[in-house]
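In numbering that gives the first Met the number 0, the protein residues as written are 0 to 581.
Glycine included, every Cβ here is placed at the ideal spot set by N, Cα and C.
Please read all numbers here as calculations on a predicted model, not as lab measurements.
Let me begin by presenting the structure, written as structure tokens, before commenting on it.
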Amino acid sequence: MLISLFIYSSRLYENFMALNVSGVMLRARLSTRATMKIDVYIADQITTALKKAFDLETKVVIEKPRQETWGDFATTVALGLAKTLRTAPRKIAETIVEHLGDEKQLFAKVTIDGPGFINITVAQSWWQNTVKEIIDAGEGYGDDTWGKSHKINLEFVSANPTGPLNVVSARAAATGDVLVALLNKVGFAAEREYYINDAGRQIRLLGASVAARYMTLLGKNEDVPDDGYQGDYIIDLAQELKKEHGDKFANLQVAERQNVLATLALEKMMALHKKVLHDYRVDYQTWFRESTLRDKNAHFKIVEDLKAKDLTYEKDGALWFKSSEFGDAKDRVLVTKEGEPTYFMVDIAYHQDKFDRGFETLYDLWGPDHHGYIDRVSAALQAIGHEKEHFNVRIIQQVNMLRDGQLVKMSKRAGNIIEMNEVVQEVGIDAARFFFVMRKLDSPLDFDIDLAKKRSDENPVYYVQYAHARIVNVIQFAKEHGLELDLQADHSLLRADEEIALIRKLNEFPSVISTCARLMEVHHLPAYLMDVASAFHSFYHHNRVVTDDSELSKARMMLLEASRQVLINGLTILRISAPERM
RNA sequence: GCCCCUAUAGCUCAGUCGGAUAGAGCAGUGGUUUCCUAAACCAUGUGCCCCAGGUUCGAUUCCUGGUAGGGGCACCA
Numbered sequence: 000m001l002i003s004l005f006i007y008s009s010r011l012y013e014n015f016m017a018l019n020v021s022g023v024m025l026r027a028r029l030s031t032r033a034t035m036k037i038d039v040y041i042a043d044q045i046t047t048a049l050k051k052a053f054d055l056e057t058k059v060v061i062e063k064p065r066q067e068t069w070g071d072f073a074t075t076v077a078l079g080l081a082k083t084l085r086t087a088p089r090k091i092a093e094t095i096v097e098h099l100g101d102e103k104q105l106f107a108k109v110t111i112d113g114p115g116f117i118n119i120t121v122a123q124s125w126w127q128n129t130v131k132e133i134i135d136a137g138e139g140y141g142d143d144t145w146g147k148s149h150k151i152n153l154e155f156v157s158a159n160p161t162g163p164l165n166v167v168s169a170r171a172a173a174t175g176d177v178l179v180a181l182l183n184k185v186g187f188a189a190e191r192e193y194y195i196n197d198a199g200r201q202i203r204l205l206g207a208s209v210a211a212r213y214m215t216l217l218g219k220n221e222d223v224p225d226d227g228y229q230g231d232y233i234i235d236l237a238q239e240l241k242k243e244h245g246d247k248f249a250n251l252q253v254a255e256r257q258n259v260l261a262t263l264a265l266e267k268m269m270a271l272h273k274k275v276l277h278d279y280r281v282d283y284q285t286w287f288r289e290s291t292l293r294d295k296n297a298h299f300k301i302v303e304d305l306k307a308k309d310l311t312y313e314k315d316g317a318l319w320f321k322s323s324e325f326g327d328a329k330d331r332v333l334v335t336k337e338g339e340p341t342y343f344m345v346d347i348a349y350h351q352d353k354f355d356r357g358f359e360t361l362y363d364l365w366g367p368d369h370h371g372y373i374d375r376v377s378a379a380l381q382a383i384g385h386e387k388e389h390f391n392v393r394i395i396q397q398v399n400m401l402r403d404g405q406l407v408k409m410s411k412r413a414g415n416i417i418e419m420n421e422v423v424q425e426v427g428i429d430a431a432r433f434f435f436v437m438r439k440l441d442s443p444l445d446f447d448i449d450l451a452k453k454r455s456d457e458n459p460v461y462y463v464q465y466a467h468a469r470i471v472n473v474i475q476f477a478k479e480h481g482l483e484l485d486l487q488a489d490h491s492l493l494r495a496d497e498e499i500a501l502i503r504k505l506n507e508f509p510s511v512i513s514t515c516a517r518l519m520e521v522h523h524l525p526a527y528l529m530d531v532a533s534a535f536h537s538f539y540h541h542n543r544v545v546t547d548d549s550e551l552s553k554a555r556m557m558l559l560e561a562s563r564q565v566l567i568n569g570l571t572i573l574r575i576s577a578p579e580r581m
């Protein structure tokens, strides 16, 4: 029930984003800007000081000092200027600080430390104000507009419909889904797309494999072709088809039977994939079928284009594309000597189709076994007139499933695969999604099944969810004691160490989101949410919310609400439920 | 042979555009509950940042060359 509520609200959120117009949204954006642009304010002040002191302009980067005790913000600009100004960095820093203005009176302390860092501590009142701003921003907290509605197509999973989805698909699905949510949060118009290879050799093999199993079930033993699909799921498919259609395919010509069964099996696999992904909370805007390209000969139009540009040639009876002229290691075949278009050739048409549909930038998430394929697609797209930067591939590294500390082996063709659905069912959707986005894409992921299933403090998913449940519970308890959320409460009372630490952490949310979107990396978000949970738990343990001091209690209610909002916003992007009770 | 990814604490991993004393979780040890959820909190130790050069005022980070592990190098997809 909690989960369905969650999905409902996240759908609303998507529409909200897509429409991109709303008074609430506008307000959210404005207040977010006021909150988060303090780094811009500081950079401006430093820039002005530089101009006054040295009459020069340079990029000023504001970062977070390694240690909180040093200050809230820092800049190394003095270190960077040492050479050009031929002056000791500390001396430069001193001059900058002498000229530093602060129109809004936000700086509580400015110091020069180490070799020449300028550390700035912001007034406590500024931090305290942000609590209300987070609550005001609500679901829009963390939103940004720098994506400028740029249309992005993110294609991910796109597994062949010739077998069940495996655990790498599960990783790709969670990653792609979250990336799109992140991109949309910072103002892109990003969509999810799944490419279905419903034509060509693999599908013919699927048909032959199912047909063989089907005939065997009817007592007329047939062997699955050597290069066919040997997995038990083929038997299941044949079984189902036999149940639905009886023996009516038995008397068809072999080729005819394989053809019909290929189509039926394909649809069944696709329906299954859709369901597994939907149950995993991944819903695509577009399910694109390869056959639609073949039907309208889109791939031949590509070849015509390449031919016209003199970028093809014939060799050994095959048609080649001069991909090496565009950075690929060697030329690639478009049409085999048997006269069959390669997957590659259709794939060019597919990516062209995405551009035709109005997408400005394409992202594909591929498995590690496809990295050698990147250069040729990129080459082809450049050849037909697209900029290199508009086609990007992120390789998602492999997944190692561990049970009892032992590696569980997988193999798609042999049939002893680890199915995505199996894992999701076993560990739960929340844990599965969290674990799959927890690591950097470039790193292989060790998925500890036992840990994911554990309902204990070792499991990071529950650590974050527990923080949310706890907040909801305290709010409930407070309401029972006559305390309501009051946005007029005196937030200057929030001055305990743990309170300030929590507020500072909550304020990082927008920049975490932006970093994720900018780098196309998801793993920062789960890590951040664990930090938020940690900061909250620490606050909770050291400070009571419901106290005799009703003013203080009200202020802390605000902090609770702001914390809850950040957790919700983060979990919404991850599509992980935020339980109200645990 | 060529290409991609990885190498940081006992384990699993962060480390943003090159900056200060390299961090977190888990595991270990010790403590915390008459009090809003102990699925929590607090304290405590640990480093050849794989190696060697280079660039730089400054390198875990960038470059080159190695070493080790994983993956890929089809007229398959």
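With a contact defined as Cβ atoms closer than 8 Å, I195 and P160 qualify at about 6 Å. When Cβ pairs closer than 8 Å are counted between the two stretches, the region 528-541 is seen to touch the region 489-497, the count reaching three or more.
In the structure shown, E339 falls within a coil segment according to DSSP collapsed to helix, strand and coil. Restricting attention to L364, Q66, E418, T86, the CA atom closest to the CA of R191 is found in L364.
Across the set Q201, Y465, Q396, M214, the C-alpha of Q396 shows the shortest separation from the C-alpha of P443.
Looking at H370, L570, V545, D355, the one whose alpha-carbon comes closest to that of M437 is L570. With respect to the 8 Å criterion, D374 and G326 are classified as neighbours on the basis of their beta carbons. Contact fails between the region 223-235 and the region 169-183, because fewer than three Cβ pairs, one in each stretch, are under 8 Å apart. Here R288 has I195, D197 as same chain residues with Cβ atoms under 6 Å from its own Cβ, once five neighbours each way along the sequence are excluded. Per DSSP, V407 lies in no alpha helix (DSSP H) segment; the continuous beta strand (DSSP E) that holds it begins and ends at 405-407. Per the coordinates, the alpha-carbon of R574 lies some 8 Å from the alpha-carbon of R432.
Cβ neighbours of A171 within its own chain (closer than 7 Å, five residues either side excluded): F155, V156, L364, I395. Pairwise C-beta distances place the region 296-306 out of contact with the region 262-273, as fewer than three of them are shorter than 8 Å. Three or more beta-carbon pairs separated by less than 8 Å are not found between the region 127-144 and the region 101-108, which leaves the two stretches without contact. The beta carbon of W69 sits closer than 7 Å to those of D112, N118, all from its chain and outside the five residues before and after it, given in chain order. Note that the region 476-484 does not touch the region 530-537; fewer than 3 beta-carbon pairs, one per stretch, sit closer than 8 Å.
DSSP places W126 within a helical segment (H, G or I) once states are collapsed to three. With contacts defined as CB atoms closer than 8 Å, A561 and L505 qualify as a contacting pair. Distance from the Cα of Q487 is smallest, within the candidate group N250, I572, M556, for M556. Taking C-beta atoms under 8 Å as the contact rule, K150 and G357 qualify, at a distance of about 6 Å. Annotated as distal: V422 and V39, with beta-carbon spacing of 8 Å or more. Beta-carbon to beta-carbon, T311 and L333 are separated by about 7 Å, close enough to satisfy the 8 Å threshold. In the DSSP assignment, E550 falls within the unbroken alpha helix (DSSP H) covering 549-573. Runs of the alpha helix (DSSP H) lying entirely within the region 187-220, each at least 4 residues long, are 200-216 in chain order.
Here E418 carries a strand assignment [DSSP, helix/strand/coil]. Ranked by how close their Cα comes to the Cα of Q238, the residues E255, T215, R256, E221 have T215 in first place.
Comparing C-alpha distances from P578 to each of F508, H98, A466 shows the shortest one belongs to A466. DSSP places V545 in the coil class of the three-state scheme, outside both helix and strand. Leaving aside the five residues that flank W286 on each side, the residues in its chain whose CB is nearer than 7 Å to its CB run, in chain order, Y193, I195. Collapsing the DSSP output to three states places F535 in a helix. Per the coordinates, the alpha-carbon of D330 lies some 27 Å from the alpha-carbon of D294. Beta-bridge pairing by DSSP links A317 to K314. The alpha-carbon of F343 is positioned some 26 Å away from that of A254. Assigned with DSSP and collapsed to three states, Y140 falls in coil, not helix or strand. Exposure of G100 is indicated by the presence of fewer than 16 other C-beta atoms within 10 angstroms of its C-beta. DSSP places I111 within a strand segment (E or B) once states are collapsed to three.
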